[in-house]
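Before any comments, here is the structure.
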Amino acid sequence: MSFSVTKFFLAPVCLYFLWVTVYFIINFVVSADRIRQRNYESMFVYYDKQGWAHRILYRLGNRMAPAIFLSLHFLFFLTCHCFSILCYYSQVFNTLALVFWLTWSIQNGASFYMDYFSKKYEVSLQKLEQVEQQLNEK
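Quick note: the sequence shown, position 32, residue 32 per the UniProt record's numbering, numbers continuous.
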């Protein structure tokens with residue numbers, strides 16, 4: 001397999017910039033007021049609500065926040081894209097990445113269910129205590 005900069009970098013980056021241009025126009029020009037008024041969720045709104053991200057986004061002022069957001073988004077895209085190229089060319093790296101993501105996914109899933117069901121269990125215990133108190137009062 002031969003590596004082609006055009007095939008693996010230029011084409012994906014051009015497609016990304018085409019997409020991000022449309023995304024910018026829709027989210028920050030055409031529908032910006034509607035998104036704000038109706039409290040629609042978007043990735044920008046989500047990060048705007050995170051304290052650490054808000055400080056980064058607005059470091060250069062309100063007008064530059066969308067540009068900073070999209071610049072960071074591009075860096076994330078580029079980083080993930082480089083990892084995908086490594087996975088494509090290296091079976092060892094691909095296998096290690098697969099094991100890592102699978103392990104992380106199982107851990108996250110297990111943690112979610114433990115948290116979720118423990119909260120439900122606590123609520124059911126509280127209800128059981130209330131029923132016992134009512135029965136003891138009679």
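Every residue gets a Cβ at the ideal spot worked out from N, C-alpha and C, and that includes glycine.
How is the alpha helix (DSSP H) around residue i delimited, first residue to last?
i	result
residue 134	91-137
residue 10	Per DSSP, residue 10 belongs to no alpha helix (DSSP H) and is neither H nor E.
residue 37	32-37
residue 46	43-49
So what's residue i in DSSP terms, helix, strand or just coil?
i	result
residue 84	helix
residue 61	coil
residue 3	coil
residue 16	helix
residue 23	helix
Kindly list the residues whose CB is nearer than 7 Å to the CB of residue i, restricted to its own chain and excluding five residues on each side of it in sequence; keep chain order.
i	result
residue 131	none
residue 27	35, 42, 44
residue 8	85
residue 31	none
Going by beta carbon distance, what residues of the same chain come within less than 6 Å of residue i, once the five residues before and after it are set aside?
i	result
residue 60	none
residue 97	87
What whole-angstrom Cβ distance do residue i and residue j have, given they're in contact under 8 Å?
i	j	result
residue 24	residue 66	7 Å
residue 68	residue 57	5 Å
residue 29	residue 70	Wrong, their Cβ atoms sit about 13 Å apart, outside the cutoff.
For residue i, which residues in the same chain have their Cβ closer than 8 Å to its Cβ, ignoring the five residues on either side in sequence?
i	result
residue 47	53, 54, 57, 69
Inter-stretch contact at 8 Å, needing at least 3 Cβ pairs: the region 37-44 / the region 99-114 = Flag = no, the region 37-44 and the region 99-114 do not touch.
Evaluate the contact criterion for the region 39-58 versus the region 74-84: three or more CB pairs, one atom per stretch, below 8 Å.
-> Verdict: no, contact absent.
Report yes or no: do the region 41-51 and the region 76-90 share at least 3 C-beta pairs separated by less than 8 Å?
-> Here the region 41-51 makes no contact with the region 76-90; the two share fewer than three CB pairs at distances below 8 Å.
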